[in-house]
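> Those protein sequence lines, which keep their order, are chains D and F. In terms of this note's numbering, the first sequence has 134 at position 134, counting the first letter as 1, and numbering is strictly consecutive. In terms of this note's numbering, the second sequence has 1141 at position 141, counting the first letter as 1, and numbering is strictly consecutive. All C-beta atoms in this analysis are idealised placements derived from N, C-alpha and C, irrespective of residue type, glycine included.
Number of protein chains: 2
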Amino acid sequence: MRIGMIGGGGVAQTLGAALAAQGQDVVIGIRNPSPEELAKPRAQAVPLAEWRARTGAKVASFAETAAGAEVIFNVTQGQHSVAALHAAGAKNLAGKVLIDVANPLDFSAGMPPFLDRALSGPTSLGEAIQAAFPEARVVKAFNTIAAAVMVNPGLIPGAHDLFLSGNDAEAKAVAAGIARSFGWTSLVDLGDITGARAQEAVLPIWVRLWMTGGSPMINLKVVRA
Amino acid sequence: MRIGMIGGGGVAQTLGAALAAQGQDVVIGIRNPSPEELAKPRAQAVPLAEWRARTGAKVASFAETAAGAEVIFNVTQGQHSVAALHAAGAKNLAGKVLIDVANPLDFSAGMPPFLDRALSGPTSLGEAIQAAFPEARVVKAFNTIAAAVMVNPGLIPGAHDLFLSGNDAEAKAVAAGIARSFGWTSLVDLGDITGARAQEAVLPIWVRLWMTGGSPMINLKVVRA
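1) Measuring alpha carbon to alpha carbon, tell me which residue in D/Lys91, D/Gly177 and D/Leu38 is nearest D/Ala63.
2) How many whole angstroms separate the CB atoms of D/Ser215 and F/Arg1224, which I take to be in contact at a CB cut-off of 8 angstroms?
3) Expressed to the nearest angstrom, what Euclidean distance is found between the alpha-carbon atoms of F/Lys1058 and F/Thr1185?
4) Any beta carbon of chain D sitting closer than 7 angstroms to that of F/Lys1221?
5) Taking just the CA atoms, how far does D/Ile205 sit from F/Val1011?
6) Identify the continuous alpha helix (DSSP H) that holds F/Phe1142 and give its terminal residues.
7) Quick check for students: name the residue ranges of the beta strand (DSSP E) that lie wholly in the stretch 1025-1071 of chain F, counting only runs of 3 or more.
8) Hey, out of D/Ile156, D/Leu19, D/Gly154 and D/Ile145, whose CA is closest to D/Leu164's CA?
9) Measuring alpha carbon to alpha carbon, tell me which of F/Ile1006, F/Ala1201 and F/Leu1187 ends up nearest F/Val1071.
10) Grouping DSSP H, G and I as helix and E and B as strand, with all else coil, what is D/Lys221?
11) Spatial neighbours of D/Asn32 within its chain, please: C-beta separation below 8 angstroms, excluding the five flanking residues on both sides.
12) To the nearest angstrom, report how far apart D/Gly121 and F/Ser1034 are at their CA atoms.
13) I'd like to know whether the C-beta of F/Pro1047 is nearer than 7 angstroms to at least one C-beta of chain D.
14) In the DSSP assignment, find the unbroken beta strand (DSSP E) run with F/Ser1165 in it and report its ends.
15) Under a CB-based cut-off of 7 angstroms, is F/Phe1114 close to chain C?
16) Going by DSSP, what residue range makes up the alpha helix (DSSP H) through D/Arg117?
17) Residues of chain F with CB closer than 7 angstroms to the CB of D/Pro122, please, in chain order.
18) With DSSP as the reference, identify every bridge partner of F/Asp1100, one or two as the case may be.
19) How many angstroms separate the CA atom of F/Gly1023 from the CA atom of F/Ala1017?
20) Below 6 angstroms CB to CB, which residues in the same chain sit around D/Asp25 once its five sequence neighbours on both sides are set aside?
21) Go ahead and pull the three-state DSSP assignment for D/Val151.
22) Thinking C-beta only, is F/Pro1104 closer than 7 angstroms to F/Gly1078?
23) By alpha-carbon positions, which one of F/Gly1095, F/Gly1110, F/Ile1129 and F/Leu1038 ends up nearest to F/Val1101?
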């Protein structure tokens, strides 16, 4: 599968490396893939030149990455996701499975972040992306756990859940297949893309559990009667 | 223990009946405890006259209820909680354990509700109550499950969690003791009252799980590495 990551941070690198290790054709897309940019240190991640050497995958521009991909991951900071996806180009997203991993976190009041008011409440980042790119097949997934857990759920022992939502059943099945390839066995389908409101609202409790417990190796399990 | 419920709806009636059945001295407080008001049908609850007859507990005004109680539950609709507690009287709350069970749900866009913008993001209802009544010892608890589960966690089989937060360790211990008396064994302390942001943010996913799964008999279990 030809997979493009929109964003070059720690989540992009972790997901991209895991997919490249499966033999997928992975490209990380950033705004300006110059040699200087690829050599730069990155927060909670390695320089992209180093990531490229380690994985054998590629780094390209947002637009090249999206144009060449069958499945696209949005792994940008949530407040900037719609702008980054516009830079990737609506025509390059049309018809594609677009897995939205981002969270619209607002750090303007320091830690802990809260959900951006323009992208929460009666809406969500997932919905904003689907509205901005109506021809993309948006699936919200992987946004409620640490990057290391996304690609290796066994890092947290026992049963715990991965949430998915989206309007396109086939696109959701593609995202679910990728999740299963990482070892996820318990997928919770939250329905259409308005389910992204619920998935993004997990962040405040996830961050709080990290702050009070000392580790981001946390997930939730839904328990029903 | 003398326990006052501020609010007379289904949550107040369920918690109040369970505490009265333990032999606690329970009073439900409403704005206007007239015979006409007590005879009125109530949404997802019985008329208070009927509740009173069933439980042997009492119904009084907000202020009388708060004045006579050692432990007070806020079981009003979250958008109206601060006003209801003002009607109960700051002096009647001073020094008391005040267990805030309410959620600041905004139904103005229909179902599903979202978190009231004035009481979410970088704040919460729990914090707003603590700020409005600095002498009360506010504990956020019981707000992430259906009323029937609050008083009988065994309705949902297996391990699942009750979240608590608050600034006063002794008040949290009182709330935890009440939870244990209902059968809760797994309590997750989220720290000071800013933890209420996380607890209230559980509502969007809880409501979504109800909508997609067909039953409110749902809770979450935190799973850690």
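Walking through what the data contain:
1) Selected option, being the one with the closest Cα: D/Lys91.
2) Contact flag correct, Cβ pair sits at about 7 angstroms.
3) Distance between the alpha carbons of F/Lys1058 and F/Thr1185: 30 angstroms.
4) It does; some Cβ of chain D falls within 7 angstroms.
5) When rounded, the separation of the alpha-carbon atoms in F/Val1011 and D/Ile205 is 23 angstroms.
6) Note, F/Phe1142: premise wrong, no alpha helix (DSSP H); not H, not E.
7) With a minimum length of 3 residues, the unbroken runs of beta strand (DSSP E) contained wholly in the stretch 1025-1071 of chain F fall at 1025-1030 and 1058-1061.
8) Proximity to D/Leu164 across D/Ile156, D/Leu19, D/Gly154 and D/Ile145 peaks at D/Ile145, based on C-alpha coordinates.
9) Out of F/Ile1006, F/Ala1201 and F/Leu1187, the CA that lies nearest to the CA of F/Val1071 is found in F/Ile1006.
10) Here D/Lys221 sits in strand by DSSP.
11) Contacts found: Ser61.
12) C-alpha separation (whole angstroms): 38 angstroms.
13) Judged by the 7 angstroms Cβ criterion, F/Pro1047 is not in contact with chain D.
14) Per DSSP, F/Ser1165 belongs to the beta strand (DSSP E) from Leu1162 to Gly1166.
15) Of the protein chains in the structure, D and F, none is chain C.
16) Premise fails: D/Arg117 is in no alpha helix (DSSP H) and is neither H nor E.
17) Chain-ordered, the chain F residues with CB closer than 7 angstroms to the CB of D/Pro122 read Ala1109 and Phe1114.
18) DSSP, once it has assigned bridges, lists F/Asn1074 and F/Lys1140 as partnering F/Asp1100.
19) Their backbone Cα atoms lie some 10 angstroms apart in a straight line.
20) Excluding positions up to five away in sequence, the list reads Arg2.
21) Correct three-state label for D/Val151: coil.
22) Yes, these two residues count as a Cβ contact at 7 angstroms.
23) Selected option, being the one with the closest Cα: F/Ile1129.
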